[in-house]
Amino acid sequence: MKKIIAGLTLVVSSFAWTINGTGASFPYPVYKETIKNFYKETGNKVNYTPTGSGTGIKEVITRHVDFAGSDKPLSPSTLHRHKLFMFPTVVGGIVFGYNIPGVKNLNLSEIAIEGITLGTIQYWDNPIIAKVNKGVKLPHKKIIFVHRSDKSGTTFNFTYYLSKMSKLWNKYYGAKKALNWPTDSQGRGIAGKGNFGVSSAIKTNKYSIGYVDYADALKNRLNMANVQARDGKFVKPEPKAFATGAAYAGFDPRKDFYKVIAYPKKGYPIIAATFILLPAEHKNKDKQVTTFVDYMYNHDEIASKLGYVPLPANVKDQVRNYWSQKGIK
0 MKKIIAGLTL VVSSFAWTIN GTGASFPYPV YKETIKNFYK ETGNKVNYTP TGSGTGIKEV
60 ITRHVDFAGS DKPLSPSTLH RHKLFMFPTV VGGIVFGYNI PGVKNLNLSE IAIEGITLGT
120 IQYWDNPIIA KVNKGVKLPH KKIIFVHRSD KSGTTFNFTY YLSKMSKLWN KYYGAKKALN
180 WPTDSQGRGI AGKGNFGVSS AIKTNKYSIG YVDYADALKN RLNMANVQAR DGKFVKPEPK
240 AFATGAAYAG FDPRKDFYKV IAYPKKGYPI IAATFILLPA EHKNKDKQVT TFVDYMYNHD
300 EIASKLGYVP LPANVKDQVR NYWSQKGIK
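Residue numbers (numbering that gives the first Met the number 0): 0 to 328.
Right, dumping it as structure tokens:
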């Protein structure tokens, strides 16, 4: 049939379909925009609720949704046990958004990040922070650390980065979707649900800092810290720096693309790929999901505009071959 919208004639399938998903909030801005355009062009509807990676994994395992989004990749053995397929959609940066009145272009060294997250650095004018911010008047105010309240793939990727960067963090905490943050027991912690919740908490609380996806930080006009990379250089959080790090990802379709890409050799150090999980037995619905994802792959401009890094062409081709092998293309 035909739809006439504002003088434009669009051909829309008479057999339009609907798919339902939930999970990671990290990719929600790009999914939301792609869903809107996809519906306009095809008449097919995609419902996606950003409930967090932990909820997404749980819901797809119990088959309550057609697909899930997760920033925490599942191992091949876990996928096999729960009869799931998995593939990446896009790469993005996790940034330190902060709210220190009068302070712009904050630099954070690895030792400063370790101290802030472990709770051993409690004030903004600590000498370790001041050392790499010469000429900046840092206030003698307690650092308020903002983190996720829900089980989160963003938290997993952030703590994975901390585990690779800091031996102390790795010894006491490791990489997790949720944890009891050291700053909470000191009365200096705030929890927010979803990346949007963390962004809002940073925006409304002076002297706070927290980890959040770049797109949400950008949307909320948060100041973002320059972070010391693995090679020692301070890197501004921006898409070209995320892309430099993403070049070291090395996805392998034989392992269902299982890969945690934080703390690369060069480029911005806190990056993450986000993934789609599909029930292996629901081939017809899976084909609808891959049709939607293929549309996203063919419209890189949407991800780029929002500050994400589209997957390289060779990785997209690997994913399409994976779909064919699984009978879901």
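We put the beta carbon where it would ideally sit given N, CA and C, even for glycine.
A174 versus G249: straight-line alpha-carbon distance, rounded: The sequence position of residue 174 within the sequence shown is 175, counting from 1. The sequence position of residue 249 within the sequence shown is 250, counting from 1. If I take the Cα positions, the gap works out to 20 Å.
Which residues mark the beginning and the end of the alpha helix (DSSP H) in which F195 is found? On the sequence shown, residue 195 is found 196 positions in, with the first residue counted as 1. It spans 193 to 203 - the alpha helix (DSSP H) in which F195 sits, taken as one unbroken run.
Can you give me the C-alpha to C-alpha distance between A279 and L78, rounded to a whole angstrom? Locating residue 279 in the sequence shown gives position 280, where the first residue counts as 1. Locating residue 78 in the sequence shown gives position 79, where the first residue counts as 1. The alpha-carbon atoms of A279 and L78 are separated by roughly 9 Å.
Considering Cα atoms alone, identify which of F233, N219, F37 is closest to V288. As a working mapping, residue 288 is identified with position 289 in the sequence shown. For V288, the nearest C-alpha among the options comes from F37.
In or out: E40 buried (at least 16 other Cβ within 10 Å) or exposed? What you label residue 40 is simply residue 41 of the sequence shown in a count that begins at 1. Exposed, by the Cβ-count rule.
Compute the Euclidean distance between the alpha carbons of A177 and K258, then round it to the nearest angstrom. The residue labelled residue 177 in the question sits at position 178 within the sequence shown. The residue labelled residue 258 in the question sits at position 259 within the sequence shown. Cα-Cα distance, rounded: 19 Å.
Quick check on DSSP: helix, strand or coil for A67? As a first step, residue 67 must be located in the sequence shown, where it is residue number 68. Strand, per DSSP.
Under the rule that 16 or more other beta-carbon atoms within 10 Å means buried, what is R220, buried or exposed? Within the sequence shown, residue 220 is the residue found at index 221, counting from 1. A residue is called buried when at least 16 other Cβ atoms come within 10 angstroms of its Cβ; R220 does not meet this threshold and is exposed.
Using 8 Å as the Cβ pair cut-off and three pairs as the minimum, do the region 235 to 248 and the region 57 to 72 touch? no
In this structure, does DSSP put N297 in helix, strand or coil? Counted from its first residue, the sequence shown places residue 297 at position 298. Look at N297 here: in three-state DSSP terms it is coil, with no helix or strand label.
K141 beta carbon less than 7 Å from that of Q121: Looking up residue 121 in the sequence shown gives position 122. Looking up residue 141 in the sequence shown gives position 142. Yes. Within cutoff.
Min CB distance G114 to chain D below 7 Å: Absent from the structure: chain D. Only one protein chain is present.
Find out if the Cβ-Cβ distance for the pair S198, V211 is shorter than 7 Å. Start at 1 with the first residue of the sequence shown, and residue 198 comes out as number 199. Start at 1 with the first residue of the sequence shown, and residue 211 comes out as number 212. A contact, by the Cβ cut-off of 7 Å.
Which residue marks the beginning of the alpha helix (DSSP H) containing A174, and which one marks its end? Position 175 of the sequence shown, counted from the first residue, corresponds to residue 174. Segment: none, A174 is in no alpha helix (DSSP H) and carries neither H nor E.
Going along the chain, which residues of its own chain have a beta-carbon closer than 8 Å to the beta-carbon of N204, five neighbours each way excluded? Residue 204 sits at position 205 when you count from the first residue of the sequence shown. These residues qualify, in order along the chain: N98, I143, V145, I189.
Pick out whichever of L167, R80, L73, G68 has its Cα sitting closest to the Cα of G114. Here residue 114 is taken as the residue at index 115 of the sequence shown, counted from 1. The shortest C-alpha separation from G114 is found at L167.
Can you tell me which of T153, L276, N179, S207 puts its alpha carbon nearest to the alpha carbon of G92? Taking the sequence shown and counting its residues from 1, the one referred to as residue 92 is at position 93. Nearest C-alpha to G92: T153.
If you measure between the beta carbons of T21 and T48, is that distance less than 7 Å? Reading the sequence shown from its first residue, position 22 is the one you call residue 21. Reading the sequence shown from its first residue, position 49 is the one you call residue 48. For T21 and T48, yes; Cβs fall inside 7 Å.
Inside the region 82 to 167 only - alpha helix (DSSP H) runs reaching at least 4 residues: 109 to 117, 126 to 130, 152 to 164
Measuring straight from C-alpha to C-alpha, what distance separates S24 and S52? Stepping through the sequence shown from its first residue, residue 24 is reached at position 25. Stepping through the sequence shown from its first residue, residue 52 is reached at position 53. Each residue's Cα considered, the two are about 7 Å apart.
Given D149, which residues of its chain have a CB within under 8 Å of its CB, disregarding the five upstream and five downstream residues? Counting from one through the sequence shown, the residue named residue 149 turns up at place 150. Here the set comprises T50, G51, G53, T54, A177, K192, G193.
Using 10 angstroms around the beta-carbon of G96, count the other beta-carbons present and answer buried if the total reaches 16, otherwise exposed. The count along the sequence shown starts at 1 and reaches residue 96 at position 97. Answer is buried; the Cβ neighbour count reaches 16.
Reducing DSSP to helix, strand and coil, say where N19 ends up. Stepping through the sequence shown from its first residue, residue 19 is reached at position 20. N19: strand per DSSP, three-state reduction.
With H, G and I counted as helix, E and B as strand and the rest as coil, what does DSSP make of D251? The residue given as residue 251 occupies position 252 in the sequence shown. Coil at D251, not helix or strand.
Alpha-carbon spacing of R319 relative to K328, whole angstroms: Position 320 of the sequence shown, counted from the first residue, corresponds to residue 319. Position 329 of the sequence shown, counted from the first residue, corresponds to residue 328. Spanning the two alpha carbons is a distance of roughly 7 Å.
Would you call the CB atoms of P100 and F274 closer than 7 Å? Looking up residue 100 in the sequence shown gives position 101. Looking up residue 274 in the sequence shown gives position 275. Taking 7 Å as the Cβ cut-off, P100 and F274 do not qualify as a contacting pair.
Less than 7 Å between the C-beta atoms of P309 and D316, yes or no? Walking along the sequence shown from the start, residue 309 turns up at place 310. Walking along the sequence shown from the start, residue 316 turns up at place 317. At a Cβ-Cβ threshold of 7 Å, P309 and D316 do not count as neighbours.
So for P49, helix, strand or coil by DSSP? Numbered from 1 along the sequence shown, position 50 holds the residue referred to as residue 49. Three-state result, P49: coil.
If distances are taken between C-alpha atoms only, which option among K31, N297, S303, Y262 comes closest to Y160? In the sequence shown, counting from the first residue as 1, residue 160 sits at position 161. Taking only the C-alpha atoms, the option nearest Y160 is Y262.
What does a CB cutoff of less than 7 Å around E58 pick up in its chain, not counting 5 residues either side in sequence? On the sequence shown, residue 58 is found 59 positions in, with the first residue counted as 1. These residues qualify, in order along the chain: T21, V64, A67.
Check each candidate in A216, A111, D293, K325 and name the one with the smallest Cα separation from G306. Walking along the sequence shown from the start, residue 306 turns up at place 307. For the set A216, A111, D293, K325, the Cα lying nearest the Cα of G306 is the one of A216.
Do you know offhand how far D201's Cα is from I208's? On the sequence shown, position 202 is the one that residue 201 refers to. On the sequence shown, position 209 is the one that residue 208 refers to. Reading off the sequence, residue 201 comes out as Ile, not Asp. Their backbone Cα atoms lie some 6 Å apart in a straight line.
Please check the pair V102 and F241, which I expect to be a contact at CB under 8 Å, by giving their CB distance rounded to whole angstroms. For the purposes of this step, residue 102 is taken as residue 103 along the sequence shown, with counting starting at 1. For the purposes of this step, residue 241 is taken as residue 242 along the sequence shown, with counting starting at 1. Approximately 23 Å separates the beta-carbon atoms of V102 and F241; this is outside 8 Å, ruling out the contact.
Looking at A224 and L107, is the spacing between their C-beta atoms short of 7 Å? By 1-based counting over the sequence shown, the position of residue 107 is 108. By 1-based counting over the sequence shown, the position of residue 224 is 225. Contact flag set, yes.
By a C-beta neighbour count over all protein chains shown, 10 Å radius and 16 as the cutoff for buried, is F157 buried or exposed? Here residue 157 corresponds to residue number 158 of the sequence shown, with the count starting at 1. By the neighbour-count rule (16 or more Cβ atoms within 10 Å), F157 is buried.
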